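Participant: Sending over a structure as structure tokens; questions will come in a sec.
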Amino acid sequence: MTSEANNILWQSLSVTKSARAAQKGQAAKCIWFTGLSGAGKTTIANLLDKKLHSRGMHTYILDGDNVRHGLNRDLGFTDIDRIENIRRVAEVAKLMVDAGLIVLVSFISPFRVERLMARNLFEVGEFVEVYVATPLEECEKRDVKGLYAKARRGDLKNFTGLDSPYEEPQAAEIVLHTQAESSDVCVDRVLQVLA
Ligand code: ADP
Numbered sequence: 009m010t011s012e013a014n015n016i017l018w019q020s021l022s023v024t025k026s027a028r029a030a031q032k033g034q035a036a037k038c039i040w041f042t043g044l045s046g047a048g049k050t051t052i053a054n055l056l057d058k059k060l061h062s063r064g065m066h067t068y069i070l071d072g073d074n075v076r077h078g079l080n081r082d083l084g085f086t087d088i089d090r091i092e093n094i095r096r097v098a099e100v101a102k103l104m105v106d107a108g109l110i111v112l113v114s115f116i117s118p119f120r121v122e123r124l125m126a127r128n129l130f131e132v133g134e135f136v137e138v139y140v141a142t143p144l145e146e147c148e149k150r151d152v153k154g155l156y157a158k159a160r161r162g163d164l165k166n167f168t169g170l171d172s173p174y175e176e177p178q179a180a181e182i183v184l185h186t187q188a189e190s191s192d193v194c195v196d197r198v199l200q201v202l203a
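Mapping of the sequence shown onto the numbering used here: residues 9 to 203, in sequence order.
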């Protein structure tokens, strides 16, 4: 902790997280999607968001690509930057949960220890880890954004699954197999856990 941080005391505020969530008629949650690029995180999170929203739930999506355009625009893809990328988004997700929202986080989040760090920011039951377990070969075949081809050509360094590691979750609450299950089925499986 810096000396500056030592001089900052935590302020207790009057309106609590549970009061904020109760006003919205929901339990606040952080639903954390992890998996390789092209696994289906954004597709599934987006569909889930649409369903929750149409049911009157108060939600928000934090998407890796979008957050890297703003809050995390100063970060690259080295291990140190990836760690900071996840630290910041986890803290933002925590603020959103504190505001009573259901926040869907769609980040590759390749390192187990960072996902654990994120989980540990939340109360028991608030953090739901969803592993979108699409194999590398399938993600590379889809190559939605052309990034695998670019990385194979050597034009993109530190690409997860190729020259940067992806550490599979060992105890995710939900594991989705997008080759065997349609995106609608995947969304329904997440909804079952939330119910
Ligand atoms: P990510 O956010 O993990 O990088 P995207 O959601 O951007 O991945 O891309 C996943 C691609 O896989 C999309 O083109 C999507 O249509 C396709 N896809 C095929 N089957 C599924 C499925 N069952 N669930 C989600 N995406 C799927």
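Positions of the beta carbon are idealized from the N, C-alpha and C atoms, including for glycine. Treat the numbers as computed from the prediction; the structure is a model and nothing was measured.
Below 8 Å, can you find three or more Cβ-Cβ pairs linking the stretch 58-74 to the stretch 97-111?
Facilitator: Taking 8 Å as the limit for Cβ pairs, the verdict is that the stretch 97-111 does touch the stretch 58-74.
Participant: Could you tell me if the beta carbon of A47 falls within a distance shorter than 7 Å of some heavy atom in the ligand ADP?
Facilitator: Position 39 of the sequence shown holds residue 47. Yes, the ligand ADP has a heavy atom inside 7 Å of this Cβ.
Participant: Who are the Cβ neighbours of K102 in its own chain at under 8 Å, not counting the five residues just before and after it?
Facilitator: The residue you call residue 102 lines up with position 94 of the sequence shown. Hits under 8 Å: C38, L129, F130.
Participant: For S117, verify whether its CB is less than 7 Å away from any heavy atom of the ligand ADP.
Facilitator: Counting from one through the sequence shown, the residue named residue 117 turns up at place 109. Every heavy atom of the ligand ADP is 7 Å or more from the Cβ of S117, so no.
Participant: With respect to 7 Å, is the separation between the Cβ of V138 and the closest non-hydrogen atom of the ligand ADP below this value?
Facilitator: Walking along the sequence shown from the start, residue 138 turns up at place 130. For the ligand ADP, not one heavy atom lies less than 7 Å from the Cβ of V138.
Participant: Measuring straight from C-alpha to C-alpha, what distance separates K153 and G64?
Facilitator: Position 145 of the sequence shown, counted from the first residue, corresponds to residue 153. Position 56 of the sequence shown, counted from the first residue, corresponds to residue 64. Roughly 32 Å between the two C-alpha positions.
Participant: Excluding the five sequence neighbours on either side, which residues of its own chain have a C-beta within less than 7 Å of the C-beta of P173, listed in chain order?
Facilitator: Numbered from its first residue, the sequence shown carries residue 173 at position 165. Only P118 meet the Cβ criterion.
Participant: Which residue wins for smallest C-alpha separation from G169, given the options I16, S26, A29, T42?
Facilitator: As a first step, residue 169 must be located in the sequence shown, where it is residue number 161. Of the candidates I16, S26, A29, T42, the one whose C-alpha sits nearest the C-alpha of G169 is T42.
Participant: With DSSP run on the structure shown, which of helix, strand or coil describes I182?
Facilitator: Looking up residue 182 in the sequence shown gives position 174. Strand.
Participant: Nearest CA to the CA of L199: which residue from L56, L83, V23, S20?
Facilitator: The count along the sequence shown starts at 1 and reaches residue 199 at position 191. Of the candidates L56, L83, V23, S20, the one whose C-alpha sits nearest the C-alpha of L199 is L56.
Participant: Thinking C-beta only, is E137 closer than 8 Å to W40?
Facilitator: Here the question's residue 40 lines up with position 32 in the sequence shown. Here the question's residue 137 lines up with position 129 in the sequence shown. Cβ atoms of W40 and E137: closer than 8 Å.
Participant: Identify whether Y156 lies in helix, strand or coil by the three-state DSSP scheme.
Facilitator: Against the sequence shown, residue 156 aligns to sequence position 148. In this structure, Y156 counts as helix in the three-state DSSP scheme.
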